[in-house]
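As structure tokens, the structure follows; a few thoughts come after it.
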Amino acid sequence: MNPKKIGVFLKQLRNEKGITQEHLAESLGVSGRTVSRWETGTNLPDLSILVQISEYYDVEIKEILNGERKSEYMDNELKETLLKVADYNELERRNAAKAGALSFSIMFLVCAATIIVQMFMNGSFSLIAGETVVLIVGGLIYIFFAVKNGAWNGTIIKSTPKNDLIISLLCVGIFSIVFYLFIRKHIAIPQAIGIAVCFFAILSVLSYVLLRGLSRLSQRKSDERKDRNVL
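Following this line, the structure appears as structure tokens:
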């Protein structure tokens, strides 16, 4: 298989269709630079994209891989095989996302527990403020990339309204108890209870809304990813 020859053939097919690289890129859901790299032989299309290209140009996948025309119709058996491989790759990606989410969750919980222990031992939040900021920023970065790649839903626990509510109440409840234990040393217990209850109520609502929003956004990204692979 000659990548340069394949690239020349892909460029020939595009010119025959009378479209620009940008137009093709928009139709396939990729960047213009990606199309350019295909046509120069620098990179080759992914399997799922290869199926789309064959359908778009109405050529056989074997023709693309050989870099020249051979027949009129696509080999259905080869097409099905490539689709299965693409599905397998998607399954592997999801499994990797689950493993990554589990590892990150364990690390995050251990770090959070360590910070809480340090806070009680030192009696001052200012001494562990830096660690807390690093932990929060790391969590936000992970969430951003998970949502961007449509891998937030079902990575560990399937995101549903019920599950998101339970997670919100449990997590915020734990932090509310820690918050109460910390502030009761500085103010009266009745006042500390009132503040902790308000803290719990407000953060529970915010946490639930945030989880539902992340779930919907991640689902949208996942659907867009699937649409690009639809024949």
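Numbering follows the working numbering, in which position 179 of the sequence shown is assigned residue number 204; successive positions increment by one, without gaps.
Glycine included, every Cβ here is placed at the ideal spot set by N, Cα and C.
Remember, it's a predicted structure, so these values are computed and weren't measured experimentally.
Just to confirm before moving on: does the CB-CB distance between residue i and residue j stay below 9 Å?
| i | j | result |
| --- | --- | --- |
| Val-76 | Leu-38 | no |
| Leu-35 | Ile-78 | yes |
| Ile-220 | Ile-212 | yes |
| Leu-160 | Ala-137 | yes |
| Val-135 | Gly-92 | no |
| Tyr-82 | Lys-123 | no |
Can you give the beta carbon distance from residue i to residue j, rounded, assuming they're within the 8 Å contact cut?
| i | j | result |
| --- | --- | --- |
| Ser-240 | Ser-184 | 4 Å |
| Leu-90 | Ile-31 | 7 Å |
| Phe-224 | Gly-198 | Wrong, their Cβ atoms sit about 10 Å apart, outside the cutoff. |
| Gly-57 | Glu-47 | 5 Å |
| Leu-259 | Pro-28 | Given that the chain is displayed from residue 26 to residue 256, the structure contains no residue 259 and the question cannot be resolved. |
| Arg-119 | Pro-186 | About 22 Å separates the two Cβ atoms, so there is no contact after all. |
| Val-172 | Lys-246 | 7 Å |
| Ser-243 | Leu-194 | No, Ser-243 and Leu-194 are not in contact; Cβ-Cβ is about 21 Å, not under 8 Å. |
| Gly-155 | Phe-133 | Not quite, the Cβ-Cβ distance comes to about 17 Å (not below 8 Å), so this is no contact. |
Give the secondary structure of residue i by DSSP, where H, G and I count as helix, E and B as strand, and everything else as coil.
| i | result |
| --- | --- |
| Glu-88 | helix |
| Ile-27 | The amino acid at residue 27 is misidentified as Ile; the sequence shows Asn. DSSP places Asn-27 in coil when its eight states are reduced to three. |
| Arg-237 | helix |
| Asp-112 | helix |
| His-94 | First, the residue type needs correcting, since residue 94 is Arg and not His in the sequence shown. Arg-94 falls in the coil class under three-state DSSP. |
| Leu-242 | helix |
| Val-33 | helix |
*Please go through the stretch 38-80 and give each complete alpha helix (DSSP H) segment of 4 or more residues, from N-terminal end onward.*
Whole alpha helix (DSSP H) segments, 4+ residues: 46-53, 57-64.
*Whole alpha helix (DSSP H) runs in the stretch 154-226 with 4 or more residues, listed along the chain?*
For the stretch 154-226, the continuous alpha helix (DSSP H) assignments of 4+ residues that do not extend past its boundaries occur at 154-173, 186-208, in sequence order.
*Should the stretch 201-209 be regarded as contacting the stretch 165-172, the criterion being three or more beta carbon pairs within less than 8 Å?*
Judged by Cβ distances under 8 Å, the stretch 201-209 makes no contact with the stretch 165-172, as fewer than three pairs qualify.
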